[in-house]
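Enquirer: Sharing a structure with you now.
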Amino acid sequence: MSEPSTSVADNILDVEKIRKDFPILTQTVRGKPLIYLDNAATTHKPNSVIERVRKFDAEEYGTVRRGAYSLSEKATQLYEESRQKVADFMGAEKKGEIVFTSGTTQAINLVAHSFGKRFINAGDEIIISNIEHHANTVPWQVLCEERGAKLKVIPVSDDGELIMEEYEKLLSSKTRMVAVNHVSNALGTINPVKEITAKAHAVGAKVLIDGAQSSAHMKLDVQDIDCDFYTFSGHKMYAPSGIGGVYGKMELWEELPPYVTGGDMITEVTLEKATYAKPPARFEAGTPPITQVIGLGAAIDYLNGIGMDKISDYENTLLEYGTRLFKEIEGVRIIGNARHKASLISFSINGAHPSDGHPHDVVSWLDRDGIACRGGHHCAQPTMIRYGVPATTRASMAFYNTTEELDALAESIRNGFPYGFVAL
Amino acid sequence: MSYDKELYQQVILDHNRKPRNFHVIENASHNCHGVNPLCGDDITVYLNVDEEAGKIDEVSFQGSGCAICKASTSLMTAFLKGKTVEEAKQIKEEFHKMILGEFDPEKEEHHMGKLTLFMGIREYPSRTKCASLPWHTLIGALDKKFDGISTE
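Protein chains in written order, with our numbering: chain C, 1 to 424; chain L, 425 to 576.
Structural data, given as structure tokens:
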């Protein structure tokens, strides 16, 4: 059963070689080899990132953008080189269109705050979807409440796809912002972001794409999508935690007021007032996570070394393989069956005993076999409500995962039914 | 008693599939709603307490959650019937310390009876809240915490 898929997968990437780059994958958990399938939550770091961060801290670390001495100048140069790497990776036109934040959550909060302050007024409308992470839901709810605007929600089909006809009906001259994810963290759905953007622009609205789940799994081209903002998190793309950011079109950044204020985001400060710096500095007050930015640059080098197209192709074979395996297990229901999906399988257990197989029990059960999956609402409670489940178990794959690991996952799930997934 | 993992598994499974005292007590003298916001366990514990004797006459629950939460609540209700309020509070303290790994019922005197089955939860730190939610909710009911109990 596994042979054809394995050979197809092996033709795309040399996974055994890649796995050697990730030291954490060699460890055992509860006596079993670690099978890490929670990559949608956070990813692990290759040696090149770990070593780059170590070397930077040991030999090159200094403050950025202010010191006039060699160490600081060199650190600033490396920091800005990382920004260039991010810009190229995302397909941005200009390096300065990339603003660093702590991650996607802060990135969306930045846009909601700054864009909202400048452009959202009473009676305006903001559109999100039914399958957003709380990070792309709550900032807009808060903004709407503050400004007297209205939040509208694109409904989703039983398979987990946004219903585009309904989206079109929500759009109007009152729409100011459409904020949707590129990939749903709870279902894996890949949304048609280019089409969504074009339709929003047709009514004069701006578009934010939450790229937390897409940036490490597919080739990005923000200019082709034509979105106005695109957010990402470093720790979901093999970089350190605490760094991420947002791409924004320069002409839009230039119009926005700052979100956080303080040092480094001004050109001049008197006791009465301050003049704001140009983007991106205007949105990067305070000393940034310098080491993490260097680590992010190294992670992008690593991804480029493999090639995003290859990563995407390989992860697709994992998705197809895993989906086929799961469909063969009686009592497993896959939540999210969109035609275009990222390498993520959300599922619930529907066995002979309805009370068996709560995601938290399943996760503990899998942990006994060294398998790390996520169980919960995935910070997407409106999505869970839509599909009538309190939570799901989720296996999210990366290019360092193998079909053999998915076999082990399926085997562990099968073994769990007679024991009601109660881990010993 | 020594810890038996297979017995633990059987008992949890049994109580999850067939929870005891799984009903509402109408006009209960005490009740409290408890939730684990992070994982969605959601239970309500009902009690009829004989205030004069300080004794728990009746105890039941309703709700949804994982197997550990439901089984822990079911076993708690079965165990507490007829106990005094003071005993219940002492057992809660022992139980809570046990699942955190701070109290070893194999070495120290305790009042938990077969509830010591839950000792193994200490190997799953992320699951201790599932097992302890009914006990926190019980104390909430006894202390008349009308806003309910949240483990976060």
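Yeah, the Cβ is synthetic: ideal placement off N, Cα and C, and Gly gets one too.
For P390(C), which residues in chain L fall below 8 Å Cβ to Cβ?
Expert: Reading the first sequence from its first residue, position 390 is the one you call residue 390(C). Residues of chain L passing the Cβ test: G464, S488.
Enquirer: List, in chain order, every chain C residue whose beta-carbon is nearer than 8 Å to that of K494(L).
Expert: To locate residue 494(L), count along the second sequence from 1; it is residue 70. Correct list: S355.
Enquirer: Output, in sequence order along the chain, the residues in the region 440-461 of chain L whose CB is closer than 7 Å to any CB in chain C.
Expert: Cβ contacts with chain C come from N440, R441.
Enquirer: Closer than 9 Å, CB to CB, is L437(L) near chain C or not?
Expert: To locate residue 437(L), count along the second sequence from 1; it is residue 13. Judged by the 9 Å Cβ criterion, L437(L) is in contact with chain C.
Enquirer: What are the residues of the region 393-422 of chain C that lie near chain L, defined by any Cβ-Cβ distance shorter than 8 Å?
Expert: Within the region 393-422 of chain C, the qualifying residues are Y419, G420, F421, V422.
Enquirer: Beta-carbon of L424(C) versus every beta-carbon of chain L: anything under 9 Å?
Expert: Counting from one through the first sequence, the residue named residue 424(C) turns up at place 424. Interface residue, yes.
Enquirer: In chain order, what residues of the same chain lie with their CB nearer than 6 Å to the CB of A555(L), ignoring the 5 residues before and after it?
Expert: Locating residue 555(L) in the second sequence gives position 131, counting from the first residue. Within the same chain, A555(L) has close Cβ partners I492, S496, I523, F542, I545.
Enquirer: Let me check one thing: in DSSP terms, what residues is Q292(C) bridge-paired to?
Expert: In the first sequence, counting from the first residue as 1, residue 292(C) sits at position 292. Paired residues: none, contrary to the question.
Enquirer: Less than 9 Å between the beta carbons of V429(C) and L162(C), yes or no?
Expert: Any property of residue 429(C) remains undetermined from this structure, which presents chain C solely from 1 to 424.
Enquirer: Identify each residue in the region 494-520 of chain L for which the Cβ-Cβ distance to at least one residue of chain C is less than 9 Å, and report them in chain order.
Expert: Against chain C - using a Cβ distance shorter than 9 Å - the residues of the region 494-520 of chain L are K494, A495.
Enquirer: Within this structure, are the beta carbons of L562(L) and K494(L) separated by less than 9 Å?
Expert: Locating residue 562(L) in the second sequence gives position 138, where the first residue counts as 1. Locating residue 494(L) in the second sequence gives position 70, where the first residue counts as 1. In this structure, K494(L) does not lie closer than 9 Å to L562(L) by Cβ.
Enquirer: Let me see if you follow: with CB-CB separation under 9 Å, is R546(L) close to chain C or not?
Expert: Residue mapping note: residue 546(L) aligns to position 122 of the second sequence, counting from 1. So, not an interface residue.
Enquirer: Using a beta-carbon distance cut-off of less than 7 Å, what residues from the region 363-379 of chain C approach chain L?
Expert: The region 363-379 of chain C vs chain L, Cβ under 7 Å: S364, G376, H377.
Enquirer: Extract the residue ranges of the beta strand (DSSP E) inside the region 464-550 of chain L, only unbroken runs of 3 or more that lie entirely within it.
Expert: Listed in chain order, they are 465-474, 479-488.
Enquirer: Skipping 5 residues on each side, what residues in its chain have a beta carbon closer than 8 Å to that of E16(C)?
Expert: If you number the first sequence from 1, residue 16(C) lands on position 16. Closer than 8 Å at Cβ, skipping near neighbours: no residue.
Enquirer: With a threshold of 16 other CB atoms inside 10 Å of the CB of D441(C), please say whether the residue is buried or exposed.
Expert: Because chain C spans 1 through 424 in this model, residue 441(C) falls outside it and cannot be assessed.
Enquirer: Helix, strand or coil: which one does DSSP assign to M425(L)?
Expert: Mapped onto the second sequence, residue 425(L) falls at position 1. Unreliable placement is indicated for M425(L), whose pLDDT of 41 sits below 50; no coordinate value is reported for it.
Enquirer: Classify C456(L) as helix, strand or coil using the three-state DSSP reduction.
Expert: Here the question's residue 456(L) lines up with position 32 in the second sequence. Strand, per DSSP.
Enquirer: Look at the Cβ atom of M384(C), then the Cβ atom of A186(C), and state whether they are nearer than 9 Å.
Expert: Along the first sequence, one-based indexing puts residue 384(C) at 384. Along the first sequence, one-based indexing puts residue 186(C) at 186. Contact: yes.
Enquirer: Distance, Cα to Cα, V178(C) vs M237(C)?
Expert: To locate residue 178(C), count along the first sequence from 1; it is residue 178. To locate residue 237(C), count along the first sequence from 1; it is residue 237. If you take the alpha carbons of V178(C) and M237(C), they lie about 25 Å apart.
Enquirer: Flag P33(C) as yes if its beta-carbon sits less than 9 Å from any beta-carbon of chain L, otherwise no.
Expert: As a working note, residue 33(C) is residue 33 in the first sequence. It does not; no Cβ of chain L falls within 9 Å.
Enquirer: Show which residues of chain C have a CB atom less than 9 Å away from the CB atom of A491(L).
Expert: For the purposes of this step, residue 491(L) is identified with residue 67 of the second sequence, where counting begins at 1. Correct list: S355, D356, G357, H358, H360, D361, G420, F421, V422.
Enquirer: Could you spell out the range, first to last residue, of the beta strand (DSSP E) harbouring Y276(C)?
Expert: Taking the first sequence and counting its residues from 1, one reaches residue 276(C) at position 276. Residues 274-276.
Enquirer: Chain C partners of K429(L), CB-CB under 9 Å?
Expert: As a working note, residue 429(L) is residue 5 in the second sequence. Within 9 Å Cβ-Cβ: L424.
Enquirer: Which ranges would you report for the alpha helix (DSSP H) in the region 235-287 of chain C if only whole runs of at least 4 residues count?
Expert: Qualifying alpha helix (DSSP H) stretches, in chain order: 250-253.
Enquirer: Where A395(C) and I345(C) are concerned, what is the direct C-alpha to C-alpha distance, given to the nearest angstrom?
Expert: Reading the first sequence from its first residue, position 395 is the one you call residue 395(C). Reading the first sequence from its first residue, position 345 is the one you call residue 345(C). Distance between the alpha carbons of A395(C) and I345(C): 5 Å.
Enquirer: Counting contacts by CB-CB distance shorter than 9 Å, is Y432(L) in contact with chain C?
Expert: For the purposes of this step, residue 432(L) is taken as the residue at position 8 of the second sequence. Closer than 9 Å to some Cβ of chain C, the Cβ of Y432(L) qualifies, so yes.
Enquirer: What distance in whole Å lies between the Cβ atoms of K32(C) and F115(C), which are believed to be in contact at a cut-off of 8 Å?
Expert: Translated into positions along the first sequence, residue 115(C) becomes position 115. Translated into positions along the first sequence, residue 32(C) becomes position 32. Not a contact, Cβ separation roughly 48 Å.
Enquirer: Output needed for K310(C): all residues of its chain with C-beta closer than 7 Å, excluding positions within five of it in sequence on either side, in chain order.
Expert: On the first sequence, residue 310(C) is found 310 positions in, with the first residue counted as 1. I12, L13.
Enquirer: Output the boundary residues of the beta strand (DSSP E) element that contains Y79(C).
Expert: Along the first sequence, one-based indexing puts residue 79(C) at 79. Segment 70-90 is the alpha helix (DSSP H) holding Y79(C); no beta strand (DSSP E) there.
Enquirer: Measuring only the C-alpha atoms, how far is L539(L) from G388(C)?
Expert: Taking the second sequence and counting its residues from 1, one reaches residue 539(L) at position 115. Taking the first sequence and counting its residues from 1, one reaches residue 388(C) at position 388. C-alpha separation (whole angstroms): 33 Å.
Enquirer: Starting from S114(C), trace the alpha helix (DSSP H) both ways and give me its first and last residue.
Expert: Here residue 114(C) is taken as the residue at index 114 of the first sequence, counted from 1. From DSSP, the alpha helix (DSSP H) with S114(C) extends over 104-119.
Enquirer: For the alpha helix (DSSP H) containing I209(C), name the first residue and the last one.
Expert: Here the question's residue 209(C) lines up with position 209 in the first sequence. Per DSSP, I209(C) belongs to no alpha helix (DSSP H); it is in the beta strand (DSSP E), 206-210.
Enquirer: Whose C-beta lies closer than 8 Å to the C-beta of H113(C) among residues of the same chain, with five residues either side of it excluded?
Expert: The count along the first sequence starts at 1 and reaches residue 113(C) at position 113. Excluding residues within five positions, the ones whose Cβ falls inside 8 Å are P139, L143, Y259.
Enquirer: Please report the distance separating the alpha-carbon of G297(C) from that of K219(C).
Expert: Against the first sequence, residue 297(C) aligns to sequence position 297. Against the first sequence, residue 219(C) aligns to sequence position 219. Distance between the alpha carbons of G297(C) and K219(C) is about 16 Å.
Enquirer: In the DSSP assignment, the beta strand (DSSP E) including V138(C) goes from what residue to what residue?
Expert: Indexing the first sequence from 1 puts residue 138(C) at position 138. Taken as a continuous stretch (DSSP letters only), V138(C) belongs to no beta strand (DSSP E), being part of the alpha helix (DSSP H) at 138-147.
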